[in-house]
Amino acid sequence: ILNWTKYVYDSMAQLDNAMQDFTSQEIMINQSPLYFERLTTVLTNTPKRTVANYLIWRFIIFVLKTSALGEKYMNLLTNYNKVLFGTSSERARFRICGSYTTNVLRLAVGRMFIENNFDPDSKIIGLDMIKELQVAFDELLEDLDWMDGPTKVVAKEKNSYIVPKIGYPEEIKNDTYIEELYSKLEFDENFFENILIVERESYYENLRELRKPIDKEKWSIAPSTVNAFYNPLNNQILFPGGILQPPFFSKTYPKSLNFGGIGVVIGHEITHGFDDRGRLYDKYGNLAKWWSPDAENKFKAKAQCIIDQYSNFTVTDIHMKINGVNTQGENIADNGGLKQAYRAYRNWVKTQGKEEQNLPGLHFSNNQLFFINFAQLWCTLMTEGDALNRVRIGSHSPGEFRVIGSVQNSHDFATAFQCPVGSSMNPIDKCHVW
């Protein structure tokens, strides 16, 4: 039997004075008891040499991905990726090194990024759009016929408590803060040794967090990241500066494009607070049962509609259907985000008292441009290996079906493009959760 308490205690003992009070009597939370139970069985019945080889292999795979072992080993990784993902060529080494550096020194690199590539106005406009999307969510919440009044009240309250983070954390403009943040990292010219230093310090820093108050304001994402996030543990939505760029957003874009781009992304992240997982947490990010039994049962029925719809989509290149269960959270967020963003856009038009000027040279209305910009964001070229990997274990549907599934359920899309009732893009039976 493995002594996990001793393992953790010995790890803590290697730290500085911050962990002098850590003892073997410390209360530990095991989030995956069944996993550890089975792991103990596997380790007990597996030869030590096999376990050692596995650990070494895991380490080598990690180091290979940093490009630290040279061309010989990079070729091994390239061949491995060809089999796993169907990639035909290796990633350029400067991109690998750049990605690793960005991940390790995310706020230092983020400082450089925002100084050279981020318009401060984008942060102001983005925050305004978040507020507009939250208003749209509340309006659509009122329209729901499956949720009871008391649960709606709590849902609105959770929406109002969402903490928006956009662009970058203000402290990265402080030189002293950046210097202190990385003060324990002393690098030389040996890239491999530098990686070991980084990983060791990262491990110890995670252990030190045990005695620190939870900082809900802390950024864990590089400002240059082209993605967005919802954290249910602190009810926070985060939009790094990297995603506040074309084609998602530009302060010079018509509002139809911005709402169809970053607006849908904002709505997507808001909806994550109310999807199959996010709904389990309250406005403070604590696990709580705040839904009525009736609302919970009706939500599950609505979610099942989404599951069934997406499970019928076939990725033609690999002749496999999407896993509607694994992707339900993201699909619910896609559908909710699109609906909220369109409502927010039409609310904006209403406050202006008139429609935006049409883009010259295009024969599309602004309502149509909203959906066109949403759709073109997810144009994706995947290898068969990548598509197979996405379908088997991915939490997102392939881009094609993120678009088709969402607009098939949208009455607004059908109206904008005058799709006949019962046609492929305007089916009679639609799925609506939020």
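Under UniProt numbering, residues 1 to 434 are what the sequence shown spells out, in order. A virtual CB, placed ideally from N, CA and C, is assigned to each residue, including glycine.
Ranked by Cα distance from TYR161, the options TYR177, GLN134, ASP145, MET147 are led by GLN134. Spanning the alpha carbons of ARG402 and ASN331 requires a straight line of approximately 7 angstroms.
In this structure, PRO223 sits near ILE172, with a CB-CB distance shorter than 9 angstroms. Taking a C-beta distance under 9 angstroms as the contact criterion, CYS305 and VAL421 do not qualify as a contact pair. With three or more CB-CB distances shorter than 8 angstroms, the segment 162–171 counts as touching the segment 118–135. Rounded to the nearest whole angstrom, the CA to CA distance from GLU186 to PRO247 is 39 angstroms.
In the DSSP assignment, GLN236 forms a beta bridge with VAL163, ASN231.
Sequence-distant Cβ neighbours of ASN3 in its own chain, meaning closer than 8 angstroms and more than five residues away, do not exist here. Here MET320 is bridged, per DSSP, to VAL315. Nearest neighbour of ASN231 by Cα position, chosen from LEU244, LYS216, THR225, turns out to be LYS216. By the 16-neighbour rule on beta-carbons within 10 angstroms, TRP57 is exposed. The segment 255–270 and the segment 357–370 touch, with three or more beta-carbon pairs separated by less than 8 angstroms. Nearest C-alpha to ILE61 among THR50, ARG93, VAL51, MET74: MET74.
The shortest C-alpha to C-alpha distance from PHE299 to any of ALA288, ARG277, THR316 is the one to ARG277. Contact between the segment 234–243 and the segment 266–275 is present: 3 or more CB-CB pairs across the two stretches fall below 8 angstroms. DSSP lists no bridge partner for SER67. The alpha helix (DSSP H) runs of length 4 or more contained entirely in the segment 1–36 are, from start to end of the chain, 4–13. Taking one beta carbon from each stretch, the segment 205–215 and the segment 81–101 have fewer than 3 pairs nearer than 8 angstroms; the two do not touch. Straight-line measurement puts the Cα of TYR203 at about 33 angstroms from the Cα of GLN328. In its chain, beyond the 5 residues on either side, PHE36 have a beta carbon closer than 8 angstroms to the beta carbon of ASN30. When secondary structure is reduced to three states using DSSP, LEU141 falls in the helix class. Taking all protein chains in view, the Cβ of MET129 is crowded by 16 or more other Cβ atoms within 10 Å, so the residue is classified as buried.
Shown here for LYS430: same chain residues with a beta carbon closer than 6 angstroms to its own, the five before and five after excluded, namely ASN409 in chain order.
Residue environment: GLN309 is assigned as buried (16 or more neighbouring CB atoms within 10 Å of its CB, all protein chains considered). Listed as beta-bridge partners of LEU287 by DSSP are TYR281.
Taking 9 angstroms as the cut-off, the beta carbon of ASN373 is found no closer than this to the beta carbon of ALA136.
Rounded to the nearest angstrom, the gap between the Cα atoms of ALA155 and MET147 is 10 angstroms.
For CYS419, the CB contacts under 8 angstroms within the same chain, skipping 5 residues up- and downstream, are PHE413, MET425, ASN426 in chain order. Assigned with DSSP and collapsed to three states, SER406 falls in helix.
Sixteen is the threshold: since fewer than 16 other Cβ atoms of the shown chains lie within 10 Å of the Cβ of ALA288, the residue is exposed. Non-local C-beta neighbours of SER311 in its own chain, meaning closer than 8 angstroms and more than five positions away in sequence, comprise LYS321, ILE322, ASN323, GLY324, VAL325, ordered along the chain. By DSSP's assignment, ASN116 forms no beta bridge with any residue. In this structure GLN340 is buried. Its beta-carbon is surrounded by 16 or more other beta-carbon atoms within 10 angstroms.
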